[in-house]
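With positions in the sequence shown counted from 1, the corresponding number in this note's numbering is that position plus 245.
Cβ coordinates follow ideal geometry from the N, Cα and C atoms, glycine included.
Note that the coordinates shown come from a computational prediction; the quantities given were computed from them, not determined experimentally.
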Amino acid sequence: MGEWDKEIAEAASILSRAKNATASCGAGVSAESGIATFRDPGGIWDILNPSEVGTVDGLIRTLERKAKQLVPIFMDMLTTFEQAEPNPGHHALADLEKMGILKTVITQNTDNLHREAGNTEVIEVHGNLCRMVCLSCGRQRWFERKPLISEAKAKLKALKKFKLQDLMTIAPQCTLCGSMMRPDVVMFGEAVQDLPRAYQASQTCDVMLVLGTSGVVYPAAYLPIEAKKAGASVIVINPTENAFENVTDVYIPMKSGEALPLILERMREMAS
Ligand code: OAD
Ligand code: ZN
Numbered sequence: 246m247g248e249w250d251k252e253i254a255e256a257a258s259i260l261s262r263a264k265n266a267t268a269s270c271g272a273g274v275s276a277e278s279g280i281a282t283f284r285d286p287g288g289i290w291d292i293l294n295p296s297e298v299g300t301v302d303g304l305i306r307t308l309e310r311k312a313k314q315l316v317p318i319f320m321d322m323l324t325t326f327e328q329a330e331p332n333p334g335h336h337a338l339a340d341l342e343k344m345g346i347l348k349t350v351i352t353q354n355t356d357n358l359h360r361e362a363g364n365t366e367v368i369e370v371h372g373n374l375c376r377m378v379c380l381s382c383g384r385q386r387w388f389e390r391k392p393l394i395s396e397a398k399a400k401l402k403a404l405k406k407f408k409l410q411d412l413m414t415i416a417p418q419c420t421l422c423g424s425m426m427r428p429d430v431v432m433f434g435e436a437v438q439d440l441p442r443a444y445q446a447s448q449t450c451d452v453m454l455v456l457g458t459s460g461v462v463y464p465a466a467y468l469p470i471e472a473k474k475a476g477a478s479v480i481v482i483n484p485t486e487n488a489f490e491n492v493t494d495v496y497i498p499m500k501s502g503e504a505l506p507l508i509l510e511r512m513r514e515m516a517s
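Structure (C-alpha cells):
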C-alpha cells in the first residue's frame with residue numbers, strides 16, 4: 246500500500262466518470278524527463294536571472310555584456326532539451342486521451358513533449374521551442390526537435406564571435422523572406438498564446454488535472470480557478486506544493502510521472 250493510495254483511488258474514481266477532462270501543466274511535468282523546472286532549488290531561475298534573460302530587451306542587453314559566460318549555459322540547456330524524452334506522466338496523459346477521457350492539454354511547457362507522447366489537442370500558452378517565427382514577415386514554421394537542436398548546437402559551436410547578430414544565425418532562416426527567425430515562445434512581457442482556447446477548455450471541462458506548476462505565473466494560474474467556478478472537479482499533483490488549495494478536490498503530493506500511471510492502473514482495476 247502506498248502512502249497516497251486513498252487520494253489515487255479518489256482521483257481514479259473521479260476520472261473514470263469524466264467525459265471531458267482538461268490537464269493544465271507546468272514545468273514539473275517535464276522534470277522527470279531531465280528538464281529543470283524554473284523555481285525548484287537548482288532550477289532555471291537559480292542559474293539565470295529572469296530580469297537578465299526573461300525579456301527580449303533584457304536578453305539582448307545581457308548578451309551584449311556577457312555572452313561568453315551565457316553561451317556554455319545555453320549549450321547545456323540545448324543538450325538537455327535535445328536528449329529529453331516524454332516520461333511516464335506524458336504517456337499517461339496520452340493514454341487518457343486515447344481512452345476518450347482527456348480532451349485537452351493546456352501547458353506552460355515549450356518542450357513539445359506532450360505532442361511527442363501522443364496528445365493531439367495541446368494548447369501551448371507559452372509557445373513551442375520547435376516552432377520558429379520570422380522576425381520580419383511573421384511566418385511560422387515547425388521543425389523536428391532533435392535535428393533542430395543538433396543543428397543549432399553545431400552552429401553555436403562554430404561561432405567565433407558572440408555578438409547578437411552572430412548568435413541569431415544559429416536559428417534557421419525564413420524560407421519566404423530570408424529574414425532571421427526566433428523560437429516562437431513567450432518571454433516575460435509578451436502576450437500569452439491561445440488564451441481564449443485555454444479559457445474555453447477550462448470553463449467547459451468536467452475534471453481539471455493541475456500538474457507540476459507553482460501557480461505563480463498568470464494568466465495560466467487562473468485556469469484551475471475558472472474550471473472550479475464552472476463546476477469541474479480539480480485534482481492537483483505536485484510533490485512539494487499546492488498553489489490551488491482553495492479550489493482543490495484531491496491533492497496528491499507525488500511526482501506526476503509516478504502518480505499518473507498509478508491513477509491509470511487504478512482506473513483499469515476499477516473497470517475490470
Ligand atoms: P515552476 O518552476 O514555477 O514550478 C514547477 C512546479 O513543479 C513546482 O511547484 C514543483 O513543486 C513542481 N514539480 C517539481 N517536480 C515535479 C514532478 N516530478 N512532478 C510534478 N510536479 C513537480 O514552473 P511553472 O509553474 O511551469 O514562463 O512556471 C511557469 C512559468 O514560469 C514558465 O512557463 C516560464 C517561467 O517563467 C515563461 O517562460 C513565460
Ligand atoms: Zn519571413
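- prompt: Relative to the ligand OAD, is the shortest distance from any of its heavy atoms to the C-beta of R427 smaller than 7 Å?
  reply: no
message: Just list the residues that DSSP pairs L454 with in beta bridges.
response: A268, I480
message: Quick test of the definition: if touching needs 3 or more C-beta pairs under 8 Å, does the stretch 419-433 touch the stretch 333-348?
response: no
field: Residue list, Cβ distance to the ligand ZN heavy atoms smaller than 6 Å
entry: C379, S381, C382, R384, C419, L421, C422, S424
- prompt: For P333, which option in A504, M515, E514 has the closest C-alpha, if you only look at C-alpha atoms?
  reply: A504
message: Within 10 Å of its beta-carbon, does S275 have 16 or more other beta-carbons around it, so buried, or fewer, so exposed?
response: buried
message: Counting C-beta neighbours from all protein chains within 10 Å, is the total for I482 16 or more, i.e. buried, or is it exposed?
response: buried
query: Whose C-beta lies closer than 6 Å to the C-beta of I253 among residues of the same chain, with five residues either side of it excluded?
result: L507, I508, R511
Paired residues, beta bridge with P428 - DSSP: M377
- prompt: Count the other CB atoms within 10 Å of the CB of V545; is the residue buried (16 or more) or exposed (fewer)?
  reply: The structure shown has nothing for residue 545, since the chain only spans 246 to 517.
task: Measure the beta-carbon distance from A397 to D356 and round it to whole angstroms, keeping in mind my assumption that it falls under 8 Å.
output: A397 to D356, Cβ: 15 Å. No contact.
field: Validate contact between the stretch 445-461 and the stretch 266-280 using beta carbons, cut 8 Å, 3 pairs
entry: yes
- prompt: Expressed to the nearest angstrom, what Euclidean distance is found between the alpha-carbon atoms of S517 and M499?
  reply: 26 Å
Backbone CA spacing between A281 and G288 [nearest angstrom]: 5 Å
query: Do you know how far the Cα of G476 is from the Cα of D451?
result: 7 Å
Candidates I305, M453, I292, T300, of which the one nearest F407 by Cα: I305
field: Cβ-based neighbour list, E361, same chain, cut-off 7 Å, excluding 5 preceding and 5 following
entry: P331
message: Spatial neighbours of E342 within its chain, please: C-beta separation below 6 Å, excluding the five flanking residues on both sides.
response: N364
query: How many Å lie between E514 and V367 at the Cα?
result: 28 Å
P295 to L374 span [Cα, whole Å]: 18 Å
- prompt: In or out: C270 buried (at least 16 other Cβ within 10 Å) or exposed?
  reply: buried
- request: Buried or exposed for L409, please, with buried defined as at least 16 other CB atoms from any protein chain shown within 10 angstroms of its CB.
  value: exposed
task: Taking 8 Å as the cut-off, decide whether the C-beta atoms of K391 and E327 are in contact.
output: yes
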